[in-house]
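The structure under discussion appears below in the form of structure tokens.
In full-length UniProt numbering, the protein residues as written are 1 to 178.
Shown next as structure tokens:
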């Protein structure tokens, strides 16, 4: 496959997939060894975070009871089945990663990852901090500056007659074929 030849999935990519509540089962990964590697990396990051704060971040007092389910518009017949939680109301496991893995995510198409983590940050405080580090866009202009620099090399006095589509194609190839 051409994509796998040009793009290598790193552990950070797999961790980002794990931190998406709808993809946390990691069914897209090839073998169980990769899944265990992602889980251990998540646990390692949680332990590092706890060491940094010298104590584990505990779930807030409002997370003792079950959260109210947000419902999405659905056909009347499927309305309850989409939000119904089949889990019992037992306490969450000690390990925040295990608790996250076992946490039931309601089904529904319109899903906002950042909103979900904002609503569940009190239940999974350590993972919520990790999510902010892994899933957010870095505030760096290095990539865009590199692209503008490349554009400056492509559009010179000798090449002012290039059509905009040709310039776009050259810049696309330059940034993707490194």
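Backbone N, C-alpha and C fix where the C-beta goes; we use that ideal spot for every residue, glycine too.
In this structure, the CA atom of residue 95 is about 42 Å from the CA atom of residue 146.
Judged by DSSP secondary structure, residue 161 falls outside any alpha helix (DSSP H); it is assigned neither H nor E. Selection 47, 129, 109 and 174 evaluated against residue 149 yields 174 as nearest (Cα-Cα). The C-alpha of residue 8 is placed about 13 Å away from the C-alpha of residue 176. Assignment of residue 9 by DSSP, reduced to helix, strand and coil, places it in the coil class. The beta carbon of residue 18 sits closer than 7 Å to those of 24, 26, 38 and 42, all from its chain and outside the five residues before and after it, given in chain order. Taking the C-beta atoms as reference points, residue 6 is found no nearer than 8 Å to residue 29. With contacts defined as CB atoms closer than 8 Å, residue 97 and residue 46 qualify as a contacting pair. CA-CA distance, residue 12 to residue 168, rounds to 30 Å. Nearest to residue 131 by alpha-carbon distance, out of 122, 172 and 117, is 117. The distance from the Cβ of residue 49 to that of residue 129 is about 6 Å, consistent with a contact at the 8 Å cut-off.
Linking residue 32 to residue 54 through their CA atoms gives a straight-line distance of about 32 Å.
Rounded to the nearest whole angstrom, the CA to CA distance from residue 153 to residue 165 is 16 Å. 20 is the residue among 51, 35 and 20 whose C-alpha sits nearest the C-alpha of residue 111. DSSP places residue 170 within a helical segment (H, G or I) once states are collapsed to three. Comparing C-alpha distances from residue 16 to each of 160, 137 and 156 shows the shortest one belongs to 137.
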